[in-house]
Structures are given as C-alpha cells and as structure tokens.
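Protein chains in written order, with our numbering: chain A, 60 to 172; chain B, 563 to 674.
Note that CB positions come from ideal geometry on N, CA and C, so glycine has one too.
Treat the numbers as computed from the prediction; the structure is a model and nothing was measured.
The structure appears below as structure tokens.
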C-alpha cells in the first residue's frame, strides 16, 4: 500500500531564516505531488504541484519554492521566512493516471517568530 | 472560476443526532466532488467522493449525493459520535486540472 511521509512534524523558525520541508511517498511510481498551506482557521491553498521529476508548477507567487529531485520526493523551501509563512503545510499525492483523488500526509506545523 | 462554499461552523451536536453539512459549488463542466476530514493535529483524510451527477459517495456512515441541478454535495450522517468531532472540507477537482479547490472547512463538535 502507499504511504506518504512528511518531516519535520513541527518547526519553529525565526524570521529571515531558511526553510526546508520534505515529503516522500512510498509504494507508487510517478505520482503527482502537491504542496498545500492551511493558514489558521482557513481553508487549504495549493502552493505547488509536480507531475514529474524536475517539473514544478507554482500556483501562488511568494517567497517559497519547491523542488522534486527524485520521483517520490518533494521539497518545499524558502531562503528567508516571513511571519506570514506560518501555517500548516500539507503534502499530497495522486496517481499520475488521471485518477482524481489526492491523498494527504500528516502535515508540518510551521511557526515563524 | 471554480469555487466551493461550505456552511460556517462550528456545528455543535449531541451524540446520536443527525448531521448535515452543506456544500455548494461553482464550476464549469462536471467536476469530481470530495469530502475530506481533518482530525485535530492531523492531515486530511479522504472521507468519500463522487465523480458524476447522481452518484452517492459513502463511508463510515457518512454519505453525500452529487446533485448537478442544485450544484450541491451535502454531507449527512444519521447518528454522529463523539469521535466524529473534526473539521470537514468539501472540495472539487476539474478533469484535466491538477488543483483541488477546497471550501473553508466546517468544524463539527459532538458532545456526549
């Protein structure tokens, strides 16, 4: 069966520091991968998605970036965090075969101080 | 553009009460519709889905019917439990597009 992992689970970072969040998927090949952000008390916003290695699409312009160095690895990064980057970051995957359903990881809670 | 509107919460119920969480959508064509649930401190779990008009998704006693004529996908459960306390998200996905469009979520609180 497929599993999705995210780490770290919780992160507290100062403003202006760099960020690296990692997501890996097991048990499937060539998945579509997604990064969402959930701000406190709000819905989910798609940040990035990827349909293959090195292929990244950005949905919202911001100081975050994403990379996909391996088929089942998706990384969310920032060179300098802002206070507004605080939130709950969720990685998701879907089969790259036209199946609509997305499956979510456990999330990383980021607090920027 | 595509959008999803959910009823504002929190919804507060006593155990064994009937639950309805309203969800309506705006989209072109025939999107797939989903309900996800988020338990405290966790990620989202797929609860149920429907991919075409008049389909009924069901899971764990929850069900929702894809109503094209009213552009709705209301979530229902006949008898809620304390363990159902969570935030419920309605979402849609257009065929050919990668993005899931989410509603803002509805918090359900069930008391014993």
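- Within the same chain, Cβ atoms closer than 7 Å to the Cβ of residue 566 of chain B are found at 585, 587, 652, 653, 654, 663, 664, 665, the five residues on either side in sequence being excluded.
- Secondary structure of residue 172 of chain A (DSSP, three-state): coil.
- Of all residues in the segment 120-132 of chain A, none comes within less than 7 Å of chain B when Cβ atoms are compared.
- With a threshold of 8 Å between beta carbons, residue 643 of chain B makes no contact with chain A.
- The three-state reading of DSSP puts residue 142 of chain A in helix, counting H, G and I together.
- Of the residues B/627, B/575, B/615, the one whose Cα lies closest to the Cα of residue 670 of chain B is B/575.
- Under the DSSP definition of a beta bridge, residue 80 of chain A partners with A/135.
- In this structure, the alpha-carbon of residue 579 of chain B lies about 25 Å from that of residue 603 of chain B.
- Against residue 605 of chain B, the close residues of chain A are 149, 163, 164, 165, 166, in the order they occur along the chain (beta-carbon pairs closer than 7 Å).
- For residue 598 of chain B, the enclosing beta strand (DSSP E) begins and ends at 594-600.
- Sixteen is the threshold: since fewer than 16 other Cβ atoms of the shown chains lie within 10 Å of the Cβ of residue 98 of chain A, the residue is exposed.
- By the beta-carbon neighbour count (other beta carbons within 10 angstroms, threshold 16), residue 65 of chain A is buried.
- Under the criterion of beta carbons closer than 8 Å, residue 568 of chain B and residue 668 of chain B qualify as touching, at roughly 5 Å.
- Judged by DSSP in its simplified three-state form, residue 576 of chain B adopts strand.
- Within the model, the alpha-carbon separation for residue 163 of chain A versus residue 594 of chain B is close to 17 Å.
- Exposed is the label assigned to residue 141 of chain A, since fewer than 16 other Cβ atoms lie within 10 Å of its Cβ.
- Distance between residue 128 of chain A and residue 674 of chain B, taken at the CA atoms: about 49 Å.
- Taking CB atoms only, residue 159 of chain A has a neighbour in chain B less than 8 Å away.
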